[in-house]
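Q: Residues in the sequence shown are numbered from 47 upward in steps of one, following our numbering. A virtual CB, placed ideally from N, CA and C, is assigned to each residue, including glycine. Right, I'll just put the structure down here and ask away after.
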Amino acid sequence: MQVAGQLISTIGWLGLALIASELLATLIYDVGQWVGFRLTGARVVALVGFRYQLSRVAGHWKFQRPLTAYPHLIAMPAEDPRRFNHALYCFGGPLFNLLVVVMSLVTMLQFTLGYSLWLFVFIIWIWVNTLKVAQLLPMNWFGRPTAGQEFRAARESTAAMTAAYVTACARALKVQTGRVADLDAGMIVMPRDGGNRNYLVVRQANLILEWGLQHGLSTSELLSGLARLEPSFNTIPRADLAHYLDATIYWNLYSDHPAPQVTGWYQDAGVAQLLRRYEPLGNFKLRAVYEWRVNQAPQRALALITRGLKYARRSNDLTEIDWLKALRARVEASAKTSVTKEG
């Protein structure tokens with residue numbers, strides 16, 4: 047009780063109301079997402095919080111602590127693509143928060159509330175849920191698209207809707223197995239009417255790179271396919287942009303193609319800040335390959351790889367683990383070769 051009293055006196059009742067409102071509104075949002083998933087035959091495979099997540103790995107629920115997280119659910123869509131209802135995927139959570147806002151406003155009108163603490167608490171509760179309806183908190187804070195943006199992007203073309211379904215399947219599969227290699231090969235073929243201005247198509251293109259690398263396809267061919275997406279830089283959300291830049295810069299450096307444009311992207315302060323915020327796990331291997339290829343500092347590269355492996359294991363990201371181990375093997379081999387030549 048004494049600890050609770052000290053906490054309340056420190057942050058105040060209004061601060062406590064804000065924290066409680068955010069947690070409850072997030073729970074309501076997750077329940078709405080779960081209902082939307084179940085109506086379309088999807089299975090929830092991960093419950094993600096602010097700095098934690100529960101993931102269904104190999105048939106068992108496991109607690110994980112990724113480097114970054116925002117509250118949401120991850121679900122595996124039904125095998126039949128015709129059951130995939132993108133509107134429910136996007137608006138299941140916001141719809142439940144909207145119902146809470148309506149009911150809260152109706153309830154508030156039934157009482158005469160004076161200028162008091164409880165009125166402020168009520169206003170905070172309604173305001174937090176209103177932000178959840180628009181997904182301004184915390185989605186925009188994390189540089190991720192809102193439900194409305196996702197919905198509009200998928201409606202632009204058949205290719206975009208296909209990309210939304212394919213990337214949803216891949217994301218859920220990666221939660222369960224740590225890789226996307228088991229994804230059906232038919233999902234990897236890009237639709238003919240796709241465009242590099244739609245960020246859902248960009249996501250699928252990144253997925254093709256990851257899938258192709260895990261199946262031993264030529265890295266140079268995969269990278270040349272990604273090169274056509276460069277005009278999308280100003281049209282995709284920051285989180286997607288960071289993921290694309292991370293993959294493009296890393297695999298060009300790894301393949302010993304340090305073009306001036308690629309190294310220029312890496313050295314740009316804005317790009318570096320973007321990668322640190324939205325790709326903190328991938329940033330370990332990116333910094334390591336730069337130290338190895340450009341700065342000729344294999345020891346610093348190996349230290350970064352060791353740290354990256356620690357966090358990748360904590361998140362059960364087997365893809366990242368495979369790539370970090372492959373990079374470590376190449377760095378160690380090149381270091382031994384250099385020592386042999388000097389000797």
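#1: Figure out for me which residue from Ala-210, Leu-219 and Leu-85 has the closest Cα to the Cα of Val-91.
#2: Run through DSSP, which three-state label would His-261 get?
#3: May I ask you to report which of helix, strand or coil DSSP gives Ala-115?
#4: Measure the CB-CB distance between Gly-194 and Pro-283 and report whether it falls below 8 Å.
#5: Taking a contact to mean a Cβ-Cβ separation below 8 Å, would you say Thr-365 touches Glu-256 in this structure?
#6: DSSP three-state call for Ser-301: helix, strand or coil?
#7: Compare the beta carbon distance of Pro-344 and Ser-301 with 8 Å and say whether it is the shorter of the two.
#8: Using CA coordinates, which residue listed in Val-317, Trp-338, Pro-326 and Gly-316 is at the minimum distance from Pro-304?
#9: With DSSP collapsed to three states, give me the class of Leu-348.
#10: Can you list, in chain order, the residues of its chain with a C-beta nearer than 7 Å to that of Val-317? Leave out the 5 residues immediately preceding and following it.
#11: Decide yes or no for the touch test of the segment 163–181 against the segment 244–258: beta carbon pairs closer than 8 Å, at least 3 of them.
#12: Report the rounded CA-to-CA distance for Arg-323 versus Leu-287, giving the unit in angstroms.
#13: In chain order, what residues of the same chain have a beta carbon less than 6 Å from the beta carbon of Arg-346, not counting five sequence neighbours either side?
#14: Going straight from the alpha carbon of Met-149 to that of Phe-330, what length do you get?
#15: From the DSSP output, read off the bridge partner residues of Met-122.
#16: Does the pairing of the segment 94–108 with the segment 137–151 give three or more beta-carbon distances under 8 Å?
#17: Find out if the Cβ-Cβ distance for the pair Gly-224, Asp-363 is shorter than 8 Å.
#18: Return yes when the Cβ of Gly-354 is within less than 8 Å of the Cβ of Ala-372, no when it is not.
#19: Taking 8 Å as the threshold (C-beta atoms), are Val-226 and Gln-181 in contact?
#20: For Phe-137, tell me which candidate among Gln-99, Phe-157, Leu-93 and Thr-192 has the shortest Cα-Cα distance.
#21: Between Ala-216 and Ala-200, which are expected to be in contact by the criterion C-beta below 8 Å, what is the C-beta distance as a whole number of angstroms?
#22: May I have the straight-line CA-CA distance separating Ile-351 from Arg-376, to the nearest angstrom?
#23: Since Gly-123 and Tyr-75 should fall inside the 8 Å C-beta cutoff, what is the C-beta to C-beta distance between them, to a whole number of angstroms?
#24: In three-state DSSP terms, what is Val-340?
#25: Name, in chain order, the residues that DSSP records as bridge partners for Gln-99.
#26: Where does Lys-178 land, buried or exposed, given buried means 16+ other C-beta within 10 angstroms?
#27: Excluding sequence positions up to five away, which residues of its chain have a Cβ less than 7 Å from the Cβ of Gly-87?
#28: Let me know the secondary structure DSSP gives Asn-252 once reduced to three states.
#29: What does the alpha-carbon distance come out to for the pair Tyr-98 and Thr-383?
A: So, from the listed chains and residues:
#1: For Val-91, the closest of Ala-210, Leu-219 and Leu-85 by C-alpha to C-alpha distance is Leu-219.
#2: In this structure, DSSP gives His-261 a state outside helix and strand, which the three-state scheme calls coil.
#3: Three-state result, Ala-115: coil.
#4: Contact: no.
#5: Yes. Within cutoff.
#6: Ser-301: coil per DSSP, three-state reduction.
#7: The criterion of a C-beta distance shorter than 8 Å is not satisfied by Pro-344 and Ser-301.
#8: Of the candidates Val-317, Trp-338, Pro-326 and Gly-316, the one whose C-alpha sits nearest the C-alpha of Pro-304 is Trp-338.
#9: The three-state secondary structure of Leu-348, taken from DSSP, is helix.
#10: Result list for Val-317: Leu-291 and Trp-311, in chain order.
#11: No: fewer than three Cβ pairs fall under 8 Å.
#12: Distance from the CA atom of Arg-323 to the CA atom of Leu-287, rounded to whole angstroms, is 12 Å.
#13: So the list reads Glu-337, once near-sequence residues are dropped.
#14: Inter-residue distance for Met-149 and Phe-330 is about 47 Å (C-alpha atoms, whole angstroms).
#15: Bridge partners of Met-122: Arg-89.
#16: Cβ pair count under 8 Å is below three, so no.
#17: In this structure, the beta-carbon distance from Gly-224 to Asp-363 falls below 8 Å.
#18: No, the Cβ-Cβ distance between Ala-372 and Gly-354 is not below 8 Å.
#19: No, these two residues do not count as a Cβ contact at 8 Å.
#20: The option with the nearest alpha carbon to Phe-137 is Thr-192.
#21: Wrong, their Cβ atoms sit about 16 Å apart, outside the cutoff.
#22: Those two C-alpha atoms are separated by around 12 Å.
#23: This sequence places Pro at residue 123; Gly is not what is there. With a beta-carbon spacing of about 19 Å, Pro-123 and Tyr-75 fall beyond the 8 Å limit used to define contacts.
#24: Coil at Val-340, not helix or strand.
#25: Val-94 and Gln-110, per the DSSP bridge assignment.
#26: Lys-178 comes out buried.
#27: Excluding sequence neighbours, Gly-87 sits near Ala-124 and Arg-129.
#28: Helix, per DSSP.
#29: If you draw a straight line from the Cα of Tyr-98 to the Cα of Thr-383, it comes to about 42 Å.
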